[in-house]
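**Q** Per our numbering, the sequence shown runs over residues 2 to 386.
Each residue gets a CB set at the ideal place from its N, CA and C atoms; glycine is no exception.
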Amino acid sequence: MIQFDGEIPSKLPQVGLSIFAIMSKLANDHGAVNLSQGFPDFPISEKLISRVNHFMQQGFNQYAPMPGIKPLRDAISEKVFQSHQLRYDAEEEITITAGATQALYTAITAFIREGDEVIIFEPAYDCYAPAVKACGGLVKYASLASPDFKIDWPVVRQMVTNRTRMIIINSPHNPTGSLLSPYDMSELERLTRQTDILVLSDEVYEHLIFDGQIHESICRYPELANRSLVVASFGKTFHATGWKVGYVLAPARLTKELRKFHQFIVFAVNTPIQYAIAEYLQDKNNYEQLGSFYQQKRDIFLEQIKNSRFKVVPCHGTYFQLLDYSAISDLSELEYAKQLVLDQGIAAVPVSPFYNKQDNQHLLRFCFAKTDETLIKAGEILCKI
Ligand code: PMP
Ligand code: GLN
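#1: Any chance the CB of glutamine 38 is under 7 Å from a heavy atom of ligand 2?
#2: With hydrogens ignored, establish whether the beta-carbon of serine 1 is closer than 7 Å to any heavy atom of ligand 2.
#3: Considering only the alpha carbon of each residue, which of Ser147, Glu123, Tyr142, Asn29 lies closest to cysteine 316?
#4: What do you reckon, is the C-beta of asparagine 175 under 7 Å from a heavy atom of ligand 2?
#5: For glycine 380, report the span of its beta strand (DSSP E) as first-last.
#6: So, threonine 165 versus glutamate 118, is the Cβ gap smaller than 8 Å?
#7: For the 8 Å Cβ check, are there 3 or more pairs between the stretch 217 to 231 and the stretch 29 to 38?
#8: For aspartate 300, which option in Ala338, Phe21, Phe211 has the closest C-alpha, if you only look at C-alpha atoms?
#9: Identify which residue in Lys151, Arg310, Thr242 has its Cα closest to the Cα of phenylalanine 122.
#10: Apply the 10 Å Cβ neighbour rule to aspartate 203 and answer buried if 16 or more other Cβ atoms are within range, or exposed otherwise.
#11: Could you tell me whether the Cβ of glutamine 359 comes closer than 8 Å to any Cβ of chain C?
#12: Between the beta-carbon of glycine 380 and the beta-carbon of phenylalanine 302, is there less than 8 Å?
#13: Quick one: does the C-beta of threonine 162 sit closer than 7 Å to a heavy atom of ligand 1?
#14: If I measure Cβ to Cβ from isoleucine 274 and keep anything under 6 Å in the same chain, skipping five residues before and after, which residues do I get?
#15: Contact check, isoleucine 169 vs tyrosine 129 under 8 Å by CB: the rounded distance?
#16: Give me the residue from Glu207, Gln214, Val161, Tyr248 with the minimum Cα distance to glutamine 195.
#17: Along the chain, where does the alpha helix (DSSP H) containing arginine 191 start, and where does it finish?
#18: How is the alpha helix (DSSP H) around isoleucine 168 delimited, first residue to last?
#19: Which same chain residues end up closer than 8 Å to glutamine 305 when comparing Cβ atoms and leaving out the 5 residues on each side of it in sequence?
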C-alpha cells in the first residue's frame, strides 16, 4: 500500500479551534461558572418540548421537504409580515436551515467566487471569514471602534471596489451588543444602490433588544431586502441553541441559488421540531417578551457587578455584556480569560478572537442568558477580583 502520511496543506491555515469550544471545555474541566459560550442555562418551554414529542409520536420522523415544512415557512412569512410589513413568499423566498451557522455558510458558498471581496465588520462573529476564504474570496475588514462600535461609513465607501460582492452585517451585534440605526441602514442602501453587491444580514438576536430600541431589520427596507439574505435562528428565540433550526429570507432569485447549495450541504432539517415550532410561533406571547426578559437579566448582572473593578461597555441587545478589565490586569485577553477560569472559577470569552488583528483592548464578553442564581454567583466572584 502507498504510504500517505505527509503534511496535508490546510485550506484554512489560520483557523484553529473556536474560542467558544475552548472556553466551554476549560469551564467544564474546572467546574467554573460558565458565562463564556452563548447559551441559556435554564430550561426551555415544557409546552414546546411536549409538542416535539407529540409530532414524533405521530410519526413525523422522516425527511422534511428540502426547503422546510410548509406550515413553518407560512408561520415565518406571517411573523415577518406582522413585524416589518414585508411579505416573503413561503414557497420561493423562505428556507429552513440547520441553525444560523449553516444558513450563513450556505449563503456565502452560494454566491462567493474566487477573488470576490466581502466586507466584514470586526469584531465579527467567528464563522463569516472562514466561509468566505473557503470559497476563495477575500475578506476586507472594516473596524467598529470602541466604545460604541459604530460603522464608519466614509471608510467603508472607500473599501468598495468593483470586486465587492457581499457585505455582511450583524445587528444586534455579537460580541459588542451594539445595534444598527436607521442612519446605518440608509447609508448601506446608498452604498449598495446601483451595484450588484449582496447583503448578508445576521439577525439571530432580532428579539433581544433593550431600552425601547427597535430592531432595524433588513426587512424594514424593501430596496435593501431585494439584494439581501436575512438569517435568523430559533436557537436564540426559544432558548434552544442545541436544536439548530434557523432560516433564510431572500428574494426568489437569490433563494433559488441558495437552495442549490442547501440541498447538498444538509438537504433538510429536523422534521418534528419544525412542526412544533410552526405551531409555537402562532402565539406571539411565546417570543414577544424576550427583549424585556433579557433586559432584566442584563440589569441583574450589571447590578451584581456594580461594585467590581470591571468597567461596563454599554450593551443594547444580544445576551452578551462586554467588561473592560484594564484597571485589573495587563494580561492579554486570552491569558486573562484563562486565568479567570483557573484562579477565580468563572469563564468569559476574550474579544480578540473576533478580530483578524487587534491590540489588547482588555475586553471580555460575558453571557447573561443565565438563571438569576448563576448571575448572582458570577457577580460575587467578579466583585472579589
Ligand atoms: N450568528 C451569531 C451572531 C451568533 O451569535 C450565533 C450563535 N450564537 C450564530 C450566528 C449561530 O447560530 P446557530 O446556533 O443557530 O447556528
Ligand atoms: N454563538 C455562540 C456564542 O457567540 C456560540 C456558538 C458556538 O459555539 N459556535 O457564544
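**A** Working from what's here:
#1: Yes - ligand 2 has a heavy atom lying nearer than 7 Å to the Cβ of glutamine 38.
#2: Residue 1 is absent from the structure shown; the chain starts at 2 and stops at 386.
#3: It is Ser147.
#4: Asparagine 175 Cβ: within cutoff of ligand 2.
#5: Segment 373 to 385 is the alpha helix (DSSP H) holding glycine 380; no beta strand (DSSP E) there.
#6: Going by C-beta atoms, threonine 165 is nearer than 8 Å to glutamate 118.
#7: With a cut-off of 8 Å, the stretch 29 to 38 and the stretch 217 to 231 do not count as touching, because too few Cβ pairs lie within range.
#8: For the residues Ala338, Phe21, Phe211, the minimum Cα distance to aspartate 300 belongs to Phe211.
#9: Comparing Cα positions, the closest option is Lys151.
#10: The residue is buried, with at least 16 neighbouring Cβ atoms inside 10 Å.
#11: Among the chains of the structure shown, chain C does not appear; only one protein chain is present.
#12: Contact annotation: glycine 380 and phenylalanine 302 have beta-carbon atoms nearer than 8 Å.
#13: Every heavy atom of ligand 1 is 7 Å or more from the Cβ of threonine 162, so no.
#14: The residues are Val53, Trp244, Val246.
#15: Isoleucine 169 to tyrosine 129, Cβ: 5 Å. Contact.
#16: Residue Val161 is the option with its Cα nearest to glutamine 195.
#17: Note, arginine 191: alpha helix (DSSP H), 183 to 193.
#18: Counting along the chain, no alpha helix (DSSP H) covers isoleucine 168; the unbroken beta strand (DSSP E) around it starts and ends at 165 to 171.
#19: Excluding sequence neighbours, glutamine 305 sits near Leu376, Ile377, Ala379, Gly380, Glu381, Leu383, Cys384.
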